[in-house]
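**Student:**
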Amino acid sequence: MSETPSSTRDIPEIGAMPKHVAIIMDGNGRWAKQRYLPRTAGHRQGVEAVRGIIRACIEREIKYLTIFAFSSENWRRPEEEVKLLMQLFLVALEREVAKLHENGIRFKVIGDISKFDAKIIDCIRQGEALTANNARLHFTVAANYGGRWDIMQAVKKMIAQDSRLADSFNELDLSRYLAMGNAPEPDLFIRTGGECRISNFLLWQLAYTELYFTETLWPDFDAASLDQAIASYQQRERRFGRTSEQLVASLAKNRVNGL
């Protein structure tokens, strides 16, 4: 497995545009309720919003987009709504993966997919295989995913691979087995819908990610909304444990060296 940069081990390269954006898409149900529509309408409109944000990320040359589609806790929702979400997921897989491939997008699902129907699992595996060599955008869908599950499954895989690590291991040993082990940590995290929490999403990977919360409901989140989040990101001082003075000195050194 390849080693990925860690913001707690090293100071990552920082660009004006985030390389990796992670999103919790919240507010589909409330969007529908405000319009006296069934929650199904909100979830369907949410799929349209995903399409728009994928296009926006490509236009802005953002290389990684990760969305939280269904958490390990979402099984607690009403059975009818869960059933609908599974149906929408299957339809989206059947309709969208080929389009992703045509546009040079790599598709991946992270999470415990073993709980899904066999047809969904087959569509996921086929989509991942079809798009495996694409690199225009790395589009990852977290489905039946939880940050704590991710860390636990990484520990289990690591020890199964090398039982000696059960007695002593470090961050690098473990991080290789995380679900996002081959992607850079998110630079920008966005949550729509007005809630201000990360809800068990990418707990390990968000260690030094810039967090952005917006009242905008997910179906209304568009390219202009993404630009507002990026503008907020660009105003942040990303120190990674350093002082402001150290950051200024580092930036000055980079300019002198032409970096």
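Residue 621 is where the sequence shown starts when you use this note's numbering, and the numbers rise one by one after that.
Backbone N, C-alpha and C fix where the C-beta goes; we use that ideal spot for every residue, glycine too.
None of the values given here were measured: they were computed from a predicted structure.
(1) Does Thr-829 come out as helix, strand or coil in the three-state DSSP assignment?
(2) Glu-830 and Tyr-797: beta carbons closer than 7 Å?
(3) Return the CA-CA distance between Ile-744 and Lys-683, expressed in angstroms with no decimal places.
(4) Look at the alpha carbon of Glu-791 and the alpha carbon of Ala-774, and state the distance between them as a whole number of angstroms.
(5) Can you list, in chain order, the residues of its chain whose CB lies under 6 Å from that of Leu-708, leaving out five sequence neighbours each side?
(6) If we ignore side chains and look at the alpha-carbon of each, how far apart do Ile-643 and Phe-688 end up?
(7) Closest to Val-880 by CA distance: which of Met-778, Thr-751 and Ala-780 is it?
(8) When burial is assigned at 16 or more other CB atoms within 10 Å of the CB, is Pro-658 buried or exposed?
(9) So Asn-764 and Asp-732 are supposed to be a Cβ contact under 8 Å. How far apart are they, rounded?
(10) Within its chain, find whatever has a CB closer than 7 Å to the CB of Gly-814; leave out the 5 residues flanking it on each side and keep chain order.
(11) Would DSSP call Tyr-684 helix, strand or coil?
(12) Which one of Thr-863, Ala-869 and Ala-851 has the shortest CA to CA distance from Ala-636?
(13) Can you tell me whether Leu-750 is helix, strand or coil according to DSSP?
(14) Just confirm the distance between the C-beta atoms of Asn-648 and Gly-666, as a whole number of angstroms; I'd bet it's less than 8 Å.
(15) Starting from the C-beta of Cys-816, find all residues in its chain whose C-beta is less than 6 Å away, skip the five residues before and the five after it, and write them out in chain order.
(16) Which ranges would you report for the beta strand (DSSP E) in the region 712-782 if only whole runs of at least 3 residues count?
(17) Note down the Cα distance separating Ala-712 from Leu-785, rounded to an integer number of angstroms.
(18) Going by C-alpha to C-alpha distance, which of Lys-703, Gln-746 and Ser-734 sits closest to Leu-720?
(19) Would the beta-carbon of Val-702 fall within 7 Å of that of Val-729?
(20) Mark Arg-811 as exposed unless 16 or more other C-beta atoms lie within 10 angstroms of its C-beta, in which case mark it buried.
(21) Nearest CA to the CA of Ala-676: which residue from Trp-695, Phe-841, Ile-634 and Tyr-656?
(22) Once the 5 residues before and after Ile-634 are set aside, which same chain residues still bring their CB inside 7 Å of it?
(23) Measure the alpha-carbon distance for Asp-646 versus Leu-837 and round it to whole angstroms.
(24) Could you have a look at Phe-809 and say whether DSSP puts it in helix, strand or coil?
**Tutor:** Quick look at the numbers:
(1) Of the three classes helix, strand and coil, the one that applies to Thr-829 here is coil, per DSSP.
(2) Contact flag unset, no.
(3) For Ile-744 and Lys-683, the distance between alpha carbons rounds to 21 Å.
(4) Annotation: Glu-791 to Ala-774 spans about 11 Å, alpha carbon to alpha carbon.
(5) Excluding five sequence positions before and after Leu-708, the CB atoms of its chain that fall closer than 6 Å to its own CB belong to His-663, given in chain order.
(6) Just so you know, the alpha carbons of Ile-643 and Phe-688 end up roughly 6 Å apart.
(7) With the chain running from 621 to 879 in the structure shown, residue 880 is simply not present.
(8) Classified as exposed, Pro-658 has fewer than 16 neighbouring CB atoms from the shown chains inside 10 Å of its CB.
(9) About 5 Å separates the CB atoms of Asn-764 and Asp-732; that is less than 8 Å, so the two are in contact.
(10) Closer than 7 Å at Cβ, skipping near neighbours: Glu-835.
(11) In this structure, Tyr-684 counts as strand in the three-state DSSP scheme.
(12) Answer by Cα proximity: Ala-851.
(13) Note: Leu-750 maps to helix in three-state DSSP.
(14) Between Gly-666 and Asn-648 the Cβ distance is about 4 Å, and since that is below 8 Å, they are a contact.
(15) Its chain contains Phe-833 as the residues whose beta carbon lies nearer than 6 Å to that of Cys-816, once the 5 sequence neighbours on both sides are disregarded; these appear in chain order.
(16) List check, beta strand (DSSP E) in window: 725-730 and 757-765.
(17) Going by C-alpha positions, Ala-712 is about 40 Å away from Leu-785.
(18) It is Gln-746.
(19) The answer is no: Cβ separation not under 7 Å.
(20) Buried: at least 16 other Cβ atoms inside 10 Å.
(21) It is Phe-841.
(22) So the list reads Arg-858, once near-sequence residues are dropped.
(23) Approximately 6 Å, taken between the alpha carbons.
(24) Phe-809 falls in the strand class under three-state DSSP.
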